[in-house]
Amino acid sequence: MKKFLLLAILLFVSVSIFAQESTGVDMATELRSSGKIYVVVAVLAVIFLGLAFYLFSIDNRLKKIEKLQK
Amino acid sequence: MLTNLIIMNKSWWKILAVLLVLFSIIGGFLFHVPAKPILNESIRNIHFHVPMWFAMIIMLAVSFVYSIKYLNKGHENDDLMAVESANVGIIFGILGLVTGMVWANFTWGEPWSNDPKQNSAAIALLIYMAYLVLRNSMEEEQKRGKISSVYNVFAFPIMVVLLFVLPRMTDSLHPGNGGNPGFNTKDMAPELRPVFYPACLGWILIATWITTLRFRMRKQENLLS
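Residue numbers (the numbering used here), protein chains in the order written: chain A, 70 to 139; chain B, 14 to 238.
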């Protein structure tokens with residue numbers, strides 16, 4: 070478990086966030102400056118984590134069935 | 014078989030899969046991306062659309078290997094593994110196709126522009142769907158296993174040619190075509206890579222996880238019948 074946490078932390082740290090350069094191309098600078106984009110990221114993270122936990126629970130249920138079978 | 018059991022009963026790589034994809038969702042939305050005309054913020058789709066294809070190709074490669082194994086040794090489990098990895102590969106392929114159509118609708122102007130890679134991907138998926146139909150058309154296990162394995166062994170190289178060779182012979186709307194992408198550093202901005210590679214690995218691991226779940230379910234079903 071420790072190894073994973075270390076790996077996760079290293080992954081997050083290794084990527085630095087660059088400042089947005091001003092170009093003629095439309096990017097979602099306003100969405101980011103008003104902070105609302107984080108809401109979307111949070112929602113997606115919750116959905117994905119929910120599905121991941123669901124996968125884990127399916128996995129555990131299968132493990133129980135496999136044990137019963139033996 | 015022993016290595017299979019070890020891989021399936023340990024959960025560290027499942028946790029790794031979740032962490033990698035979670036990282037790609039956070040990094041994919043928040044990290045800086047190059048500002049490009051037409052693409053705009055939709056460039057971030059690269060962290061979600063492309064890994065679907067990576068997951069599909071790896072699962073179909075797994076299916077190919079297990080089909081060869083089955084033809085060599087004739088163990089029923091190898092056949093089951095070949096089918097289930099093909100099943101999951103097809104699901105990820107469909108997700109890749111649909112996400113690509115949504116993206117294309119807003120960047121190329123229409124969901125389907127008969128781009129060589131789009132057409133090839135659709136044909137490749139149809140070839141694999143035919144594999145499933147072929148399997149389900151036979152009742153007897155040994156016959157079904159052997160014939161569908163032979164089909165699968167031929168389907169994989171055709172898929173590789175369709176996705177990696179033919180689209181590169183002509184102009185394509187997809188980047189990395191009409192050239193040799195392995196040696197071209199201009200195809201993807203380097204700042205996308207720290208999110209893109211973990212995303213690919215994460216989704217490949219998720220696909221593997223679902224495949225092992227389906228395989229184990231199939232085995233239990235077989236024990237019951």
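Every residue, glycine too, gets a C-beta built ideally from N, C-alpha and C. Keep in mind that this is a model prediction, so the values were computed, not measured.
Contact note: Val109 of chain A reaches chain B through Phe42, using a C-beta cutoff of 9 Å and chain order. One finds Ile38 in chain B with Cβ atoms closer than 7 Å to the Cβ of Leu113 of chain A, taken in chain order. For the 8 Å CB-CB criterion, Trp216 of chain B and Met94 of chain B do not form a contact. By the Cβ neighbour-count rule, Gly119 of chain A is exposed, with fewer than 16 other Cβ atoms within 10 Å of its own. Tyr79 of chain B is classed as buried because its beta carbon has at least 16 other beta carbons within 10 Å across all chains shown. Going by C-alpha positions, Val46 of chain B is about 39 Å away from Asn129 of chain A. Under the three-state reduction of DSSP output, Pro207 of chain B falls in the helix class. Check the Cα spacing between Asn235 of chain B and each of B:Leu214, B:Asp184, B:Glu154: the tightest is with B:Glu154. Contact between Ala134 of chain B and Leu176 of chain B holds: CB atoms are separated by about 6 Å, below the 8 Å threshold. Not a single C-beta of chain A is nearer than 8 Å to the C-beta of Lys23 of chain B. The continuous alpha helix (DSSP H) containing Val166 of chain B extends over residues 154-173.
In this structure Asn165 of chain B is buried. Its beta-carbon is surrounded by 16 or more other beta-carbon atoms within 10 angstroms. In chain order, Ile51, Leu52, Ser55 place their CB closer than 7 Å to the CB of Thr120 of chain B, counting only its own chain and leaving out the 5 sequence neighbours on each side. In this structure Ala111 of chain A is exposed. Its beta-carbon is surrounded by fewer than 16 other beta-carbon atoms within 10 angstroms. The shortest CA-to-CA distance from Arg57 of chain B to any of B:Pro129, B:Met201, B:Ala74 is the one to B:Met201.
Distance between Ala121 of chain A and Val101 of chain B, taken at the CA atoms: about 16 Å. In this model, Ala68 of chain B and Trp26 of chain B are separated by some 15 Å (Cα to Cα). According to the DSSP assignment, Asn132 of chain B belongs to the alpha helix (DSSP H) that extends over 129-149.
Judged by pairs of C-beta atoms under 8 Å, the region 201-213 of chain B touches the region 31-47 of chain B, as three or more such pairs exist. Neighbours of Leu124 of chain A in chain B, taken as residues whose beta carbon is under 7 Å from its own, are Trp222 in chain order.
When DSSP states are grouped into helix, strand and coil, Lys232 of chain B belongs to the helix group.
What Leu75 of chain A touches in chain B, judged by beta-carbon distance under 9 Å, is nothing: the nearest beta carbon there is about 11 Å away. Against chain A, the CB of Leu236 of chain B has a partner CB under 8 Å away; the residue lies at that interface. Each of B:Asp92, B:Val96, B:Phe61, B:Pro124 was checked against the Cα of Val34 of chain B, and the nearest Cα belongs to B:Phe61. For Leu226 of chain B, the C-beta contacts it makes with chain A under 8 Å involve Leu124, Ile127, Asp128, Leu131, in order along the chain.
Scanning chain A for C-beta atoms nearer than 9 Å to the C-beta of Leu35 of chain B yields Ala77, Ala114, Phe117, Leu118, Ala121, reported in chain order. Separation of the CB atoms of Ile71 of chain B and Leu205 of chain B is rounded to 20 Å, and the pair is thereby denied contact status at 8 Å.
For Glu54 of chain B, the closest Cβ of chain A is nearer than 8 Å. Residue-level contact check: Pro203 of chain B does not touch chain A, since none of the beta carbons of chain A fall below 8 Å from its beta carbon. Under the 8 Å Cβ criterion, the region 100-117 of chain B counts as touching the region 140-158 of chain B, having at least three qualifying pairs. Residues of chain A whose Cβ lies closer than 7 Å to the Cβ of Pro50 of chain B are, in chain order, Val94.
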